[in-house]
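Counting in full-length UniProt numbering, the sequence shown runs from 1 upward without gaps. Below: one structure, written as structure tokens.
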Amino acid sequence: MSSPTLLHSTAPSSLRLFSPSKINLFLRILGKRPDNYHDLSSLFQAISLGDILEIERVDSGDDDFSCNMPGVPTDSSNLVLKAVNLIRSRTNNNNVKFSINLNKKCPAQAGLGGGSANAATALYGVNKLLGKPCTQEELIEMSGELGSDVTFFLSKGTAYCTGRGEIMNEIPALKTSADVKCTIVKINLGLSTPTVFKALDYDQLSSKDPEEILKQFGSKGTEVAEEYFVNDLEAPAFSCLPKLLELKKLLSTCSFSTVMMSGSGTSIFCLGESGDSQVWKEICGREDVMVFETRFINRRSEEEWYDEP
């Protein structure tokens, strides 16, 4: 956009937005690319574990960004500020400043896309505060510049993502999604995505066709056969962090219908009921484990953001 986009008179001056997280119902790694990224195919689903992003347009001074979680950078390296700077630059609104507060609940290095969701939420929010100068397509284009998972969160909550994750194909909410109980279990140790990919053994990759897996989820929702819950990053993550494999094995003895790692870890999502076993009680009582009760969520439309739970 070559000329400044004037603020619309009906644009709000502040917003409080829910920034969700996601799980990967399946994740296939298809190979390494010349740019050192990996081609993947994955079914992403938004869940109700997330953060709160408060954004206010201010008339003077500089941007102000605060976050409640220790260790989260509050300088220009944060994805939220990268998103703000990107959309502001593209719309020639560099003179417009914002006061931003991020209240985080979603853990980092969890495979839940919390930081990516924050960036997508910031894009949506700032666009609205500026009077919606950007179309959905333009926001999606910008999101791909910010990170591989950012684009997904501009979907309505369920999407098939390819490329390095930035090519997003919307699909309808899964048939069983409204009734699914999703428990997130996160060990208090993290793994960076590059570390997991570095440990990837291509001989251990699944041979399942991602299009066939997607077809199964499309027709049966989360009631697909267990063999379709595939995550090619589990094996390298478990080799880097054996405690994570031990945790999955314990969770698999509970009553859950599905237990699988999300993304590159170190969160494990569990679908269905936990049951009342002693093993589950002990897991919930461990000091090195966080447990979050969540559900699948979807936006009603492109105009409306994710509802705050």
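Cβ coordinates follow ideal geometry from the N, Cα and C atoms, glycine included.
Chain-order list of residues whose beta-carbon lies under 8 Å from that of residue i (same chain, five-residue window excluded)
i: ARG33; result: ASP39 and ARG164
i: LYS128; result: ALA11, PRO12 and LEU15
i: LYS82; result: SER76, ALA119 and LEU146
i: ASP63; result: LEU81, VAL84, LYS97, PHE98, SER99 and ILE100
i: SER301; result: LYS156
Close Cβ partners of residue i (< 7 Å) along its chain, the five nearest in sequence each way excluded
i: GLU166; result: GLY144, SER148 and THR151
i: SER192; result: GLN109
Contact belief for residue i with residue j at Cβ below 8 Å, rounded distance in angstroms
i: ARG28; j: PRO210; result: 5 Å
i: LEU244; j: ILE187; result: 6 Å
i: THR294; j: GLN109; result: At roughly 18 Å, the Cβ-Cβ gap does not stay under 8 Å, so THR294 and GLN109 are not in contact.
i: LEU241; j: ILE268; result: So it is not a contact: roughly 12 Å between Cβ atoms.
i: PRO236; j: ALA199; result: 4 Å
i: CYS134; j: SER42; result: About 26 Å separates the two Cβ atoms, so there is no contact after all.
C-beta contact flag for residue i and residue j at 8 Å
i: PHE217; j: LEU25; result: yes
i: TYR202; j: ILE213; result: no
i: VAL178; j: MET168; result: Residue 178 is actually Ala in this sequence, not Val. No, they are not a contact pair.
i: SER21; j: GLY114; result: yes
i: CYS270; j: PHE256; result: yes
i: PHE18; j: GLY50; result: yes
i: GLY190; j: LEU233; result: no
i: PRO107; j: MET260; result: no
i: CYS254; j: VAL279; result: yes
i: ASN93; j: LEU130; result: yes
i: ILE52; j: CYS182; result: no
i: THR258; j: GLU282; result: no
Residue i burial status per 10 Å Cβ neighbour count (16 or more: buried)
i: SER3; result: For SER3, the pLDDT reaches just 49, beneath the cut-off of 50, and the residue's location in the model is therefore unreliable, leaving the point undetermined.
i: CYS284; result: exposed
i: MET1; result: A caution first: MET1 carries a pLDDT of 46, below 50, which makes its placement in the model unreliable, though a value can still be read off. Flag for MET1 reads exposed.
i: PHE296; result: buried
i: GLN204; result: exposed
i: LYS215; result: exposed
i: GLN45; result: buried
i: SER277; result: exposed
i: SER274; result: buried
i: ASN36; result: exposed
Cutoff 6 Å; reference residue i; Cβ partners in own chain excluding five residues on either side
i: PHE153; result: ALA117 and ALA120
i: LYS175; result: GLY221
i: ILE55; result: LEU15, PHE98, ILE100 and GLY125
i: GLU308; result: PHE18
i: THR74; result: PHE65 and CYS67
Would you mind listing the alpha helix (DSSP H) stretches within the region 183-209 that are 4+ residues and don't spill past its ends, in chain order?
-> 193-198
Unbroken beta strand (DSSP E) runs of length 3 or more, entirely within the region 20-65: which are they?
-> The region 20-65 contains these whole beta strand (DSSP E) runs: 38-58.
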